[in-house]
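See below for the structure under consideration.
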């Protein structure tokens, strides 16, 4: 049974600690795919406020993780997504995928990020230097990236 860790939290995560926890006792791991997302600046953006639907968010994150484990033969994976007000440069999301082989770990990481972006119930509001804010709308390019994987199931 793959080791799956799912968390939604306001606190910053430590990717080294999370990788060590994922690998503990897992002798068959040959590679870990890792992605850390950050609040990207530009256009006078100063912060991003992230909200989520407790319970529903974690359920969807777990479905995505379990689907990736089955589809790519992962030994385990970790998804940590932050919520709250995050300034430009702050880490938002960590995805780790451990497998026997590099290709599966990297592909699973991309799969999970595509599905998280389009199906996990998070809402993002951008805050700008002049004081105005705006909700982030879904992007067609994110939806297109997800459709290449077919259905969420394995």
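In the working numbering, the protein residues as written are 389 to 542.
Glycine included, every Cβ here is placed at the ideal spot set by N, Cα and C.
- In the DSSP assignment, residue 487 falls within the beta strand (DSSP E) that extends over 479 to 487.
- Under the DSSP assignment, residue 503 falls in the alpha helix (DSSP H) whose first and last residues are 490 to 507.
- Boundaries of the alpha helix (DSSP H) harbouring residue 532: 528 to 535, taken from the DSSP string.
- Under the three-state reduction of DSSP, residue 422 is assigned to strand.
- Closest by C-alpha distance to residue 443, out of 510, 483, 433, is 510.
- Within the same chain, and ignoring the five residues on either side of residue 488 in sequence, the residues whose Cβ sits closer than 6 Å to its Cβ are 416, 418.
- Rounded to whole angstroms, the separation of the alpha carbons of residue 402 and residue 411 is 14 Å.
- In terms of Cα proximity to residue 405, the closest of 482, 523, 432, 437 is 482.
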